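Have a look at the structure below, then the notes.
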Amino acid sequence: FHGTTDMFLKILDVYDWDFCQIQYNYLDEHTQAGRAGLEAAEAKGIPVIIMEPLRGGKLVDLLPDKAKKLIAENERGWSPAEWAFRWLWNQTGVTCVLSGMNTKKMIAENIRAASRMRPGTLTEEDQAFLGQICDIIRERTKVGCTGCRYCQPCPKGVDIPALFRCYNAMYAENKATGRKEYMQTVALRREPAFATQCVRCGKCEKVCPQGLKVMDLIQEADRAVRPLHLRIGYAAARKFMFR
Numbered sequence: 006f007h008g009t010t011d012m013f014l015k016i017l018d019v020y021d022w023d024f025c026q027i028q029y030n031y032l033d034e035h036t037q038a039g040r041a042g043l044e045a046a047e048a049k050g051i052p053v054i055i056m057e058p059l060r061g062g063k064l065v066d067l068l069p070d071k072a073k074k075l076i077a078e079n080e081r082g083w084s085p086a087e088w089a090f091r092w093l094w095n096q097t098g099v100t101c102v103l104s105g106m107n108t109k110k111m112i113a114e115n116i117r118a119a120s121r122m123r124p125g126t127l128t129e130e131d132q133a134f135l136g137q138i139c140d141i142i143r144e145r146t147k148v149g150c151t152g153c154r155y156c157q158p159c160p161k162g163v164d165i166p167a168l169f170r171c172y173n174a175m176y177a178e179n180k181a182t183g184r185k186e187y188m189q190t191v192a193l194r195r196e197p198a199f200a201t202q203c204v205r206c207g208k209c210e211k212v213c214p215q216g217l218k219v220m221d222l223i224q225e226a227d228r229a230v231r232p233l234h235l236r237i238g239y240a241a242a243r244k245f246m247f248r
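For the sequence shown, my numbering assigns the number 6 to the initial residue and increments by one for each residue that follows.
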């Protein structure tokens, strides 16, 4: 499910559902179906499957450095992923958590964490700590894109998720990091993928699960990652590379 809490609550009442699947994590506690939706489904005896438990990497590798430092220094000794999973499994309404894993180490970590987690094990101090992490993330996130790629392919070739990822990196880390990533992943592709190619057809906004004003945000992001001097530089580089 992707939509508002009110919409989710209404949908729960129209059919005897076997299960439901929602986007839910400690950053999205009160968005989309949210905690209210989770608890409503639980009250009806509907199993709840969780997607985006790590918010497309935003709660692990893409955490701001300040948040990573706080987690590393916390006496619990849990990894960023374990904090996110423990927050989910702390709630009795969670039936299953979907987790994308790329390495054997990730598999081992997830199995170890899941085997130790039980509802009601997080303390008030733990919850307050995650609140701090959320505040840091929100301070440094310009666009709430999860990288789901529902907006792709763009009819005009704009790589929207990559642009937003680089834009967020400028603030989560520093401007140089975001602009370097943009150069490496978008600016010097053979097939251009710039936001200026957008014709405002609106296809992206119709399918965005987060309800983002994509057409306006890509222009804002483009101005940040590709200011005038870089536009001139990229144009010259592309002319030389792809002649």
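Ideal placement from N, C-alpha and C gives every residue a C-beta, glycine not left out. Here the structure is a predicted model, which is why all the values come from computation and not from measurement.
- Take the alpha-carbon of VAL204 and the one of TYR20: they are about 40 angstroms apart.
- Taking a cut-off of 8 angstroms on C-beta distances, the segment 41–49 does not touch the segment 60–80, as fewer than three cross pairs fall below it.
- Your pair TYR176 and LYS147 checks out as a contact, with CB atoms roughly 6 angstroms apart and the cut at 8 angstroms.
- In the structure shown, the three-state DSSP call for CYS139 is helix.
- For THR100, the enclosing beta strand (DSSP E) has its first and last residue at 99–102.
- By the criterion of at least three beta-carbon pairs nearer than 8 angstroms, the segment 149–165 is in contact with the segment 217–225.
- At a cut-off of 3 residues, the continuous stretches assigned as beta strand (DSSP E) that sit fully inside the segment 12–73 are 25–28, 53–56.
- Straight-line spacing of the CA atoms in HIS234 and GLY162 works out to 23 angstroms.
- Counting only residues of its own chain and dropping the five nearest sequence neighbours on each side, ILE112 has a CB closer than 8 angstroms to the CB of MET106.
- By the Cβ test, the segment 192–201 is in contact with the segment 229–246, since at least three Cβ pairs between them sit closer than 8 angstroms.
- Taking each of MET12, GLY39, LEU68, GLY238 in turn and checking the Cα distance to ILE55, the smallest one comes out for GLY39.
- Collapsing the DSSP output to three states places SER120 in a helix.
- Taking the CA atoms as reference points, CYS101 sits about 36 angstroms from PRO160.
- With contact defined as three or more Cβ pairs closer than 8 angstroms, the segment 115–128 and the segment 76–91 are in contact.
- Nearest Cα to ILE141 within the set PRO69, ASP221, THR36: PRO69.
- As the crow flies, the alpha-carbon of PHE13 is around 19 angstroms from that of THR97.
- CA-to-CA, the gap between THR108 and ASN115 works out to about 11 angstroms.
- The C-alpha of LEU222 is placed about 20 angstroms away from the C-alpha of ALA181.
- For the options ASP131, LEU32, ALA226, the alpha carbon positioned closest to that of TRP83 is the one of ASP131.
- In the three-state DSSP reduction, HIS7 falls in the coil class, being neither helix nor strand.
- Ranked by Cα distance from LEU32, the options PHE6, GLU57, ALA240, GLN224 are led by GLU57.
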